[in-house]
Structures are given as C-alpha cells and as structure tokens.
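Visitor: Using our numbering, the first residue of the sequence shown is number 1, and each one after it goes up by one.
We treat Cβ as the ideally placed atom computed from N, Cα and C, and that holds for glycine.
After the structure tokens below, expect a handful of questions from me.
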Amino acid sequence: MTLSTNAASEPKGHRPTPVPSPQYASTGLDVWTMMNQVAASVNAVNLGQGYMSYPPKEFIKRAAQEALVENTHNQYAPPRGRPGLLEQVGIHFANRLARPIDPSSELSIHAGANEALLSVFTAFLEHGKGQEVILMEPAFDQYTPNIIMSGGKPVYVP
C-alpha cells in the first residue's frame, strides 16, 4: 500500500502529511463541523448535535459500575457485537416482527447510525461500478460522503 503525501509543502526535517483519498477529499466539511465552527466563533450555544447538559440517570451509572466490577467487558467486542447482546436484540425483534431472526447472520451492533450506514455502504457498494444510492431529501448530511467514499453515486429525490 502506498501512502500519498504532500512532501513538497512540508518544512525540511518534518514527516510528510498524508493526503486523503480523492473520494474523501471531495466530500468537504459536514454540517456538524460547520455549525460547531460558527457557534464557537460567535460564542453561541450549539443545540444542533444534542450534547447532553445533564448527568446520566442513576440506573445507567449503576449498570456501568456493575459492568466494570463484573470484569467481563474489558476487551474489544467482536466486530459484529457481543454474542449476548446480539441474542437479546434478536429475541426482541423476532417477537416484534413475528418472525425468527438469526443473530449470527441477520444482526450487527454499531456505535451509531452513521457507523452502521458506512458499514452497509462499504459492504455493498463497489468502486467503479456506478452503483446508485437513492437519498430522500432532506437527508442526513453524512450519507453523501459515506456513499461517495464507498464507491457509490448519491441520487437525490426531493
């Protein structure tokens, strides 16, 4: 693997700065970064991302403390999620959807929707194939760069 750099613009003696791929570089700033910059520049309260301004509920704090004491959650989780969590999510949705769900082949656990969608786009889109992804507008601003970086072509529908 070759890493592109902009070595010519670096001062002598410094390591070259890596240059992002064209797919990533073409995506520009996301709305969250822009709003954070604007809010910080005028000392405004930024309500855009839902930053918590209150402590978590007590039952959440207790559960976190118990998980630390239990000493079974101190390693990275398997990439698709912890088996017990996958099983419980499978049971929940099997009941809700009135059909069996196989946690080993139909579920994965992600830290958030953006990560989950990037995983889906990366798994199913192929670079150079011109595969289109339909986006109903208005759409979450992260969809477009995630689609482009994964090799897809966003198609917007108002």
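By a C-beta neighbour count over all protein chains shown, 10 Å radius and 16 as the cutoff for buried, is tyrosine 160 buried or exposed?
Guide: As shown, the chain starts at 1 and ends at 158. That puts residue 160 outside it, with no answer to give.
Visitor: Is DSSP giving glutamate 115 helix, strand or coil here?
Guide: helix
Visitor: Specify the secondary structure class of leucine 47 as computed by DSSP and reduced to three states.
Guide: Reduced to three states, the DSSP call for leucine 47 is coil.
Visitor: Using a Cβ-Cβ cutoff of less than 6 Å, which residues in the same chain neighbour methionine 149 once the five nearest sequence positions on both sides are dropped?
Guide: The beta carbon of methionine 149 is closer than 6 Å to those of Gln23 and Tyr24 in its chain, skipping five residues each way along the sequence.
Visitor: So what's lysine 153 in DSSP terms, helix, strand or just coil?
Guide: Secondary structure of lysine 153 (DSSP, three-state): strand.
Visitor: Ends of the alpha helix (DSSP H) at isoleucine 101?
Guide: Where isoleucine 101 is concerned, there is no enclosing alpha helix (DSSP H), given that its DSSP letter is neither H nor E.
Visitor: Does the Cβ of proline 103 have 16 or more other Cβ atoms within 10 Å, making it buried, or fewer, making it exposed?
Guide: buried
Visitor: Starting from glutamate 137, follow the alpha helix (DSSP H) in both directions and report where the run begins and ends.
Guide: Where glutamate 137 is concerned, there is no enclosing alpha helix (DSSP H), given that its DSSP letter is neither H nor E.
Visitor: Helix or strand or just coil, what does DSSP make of proline 18?
Guide: strand
Visitor: If I follow the unbroken alpha helix (DSSP H) through isoleucine 109, where does it start and stop?
Guide: Segment: none, isoleucine 109 is in no alpha helix (DSSP H) and carries neither H nor E.
Visitor: Among Arg96, Ile101, Asp141 and Leu97, which has the Cα closest to the Cα of glutamate 87?
Guide: Ile101
Visitor: By how many angstroms is the C-alpha of glutamate 106 removed from the C-alpha of proline 206?
Guide: Since the first residue of the chain shown is 1 and the last is 158, residue 206 is not available in this structure.
Visitor: If we ignore side chains and look at the alpha-carbon of each, how far apart do valine 120 and valine 45 end up?
Guide: 34 Å
Visitor: On the three-state DSSP scale, how would you describe arginine 164?
Guide: For residue 164 there is no data in the structure shown, the boundaries of the chain being 1 and 158.
Visitor: Under three-state DSSP, which class holds glutamate 126?
Guide: coil
Visitor: Any idea if isoleucine 91 is buried or exposed, counting beta-carbon neighbours within 10 angstroms, 16 or more meaning buried?
Guide: exposed
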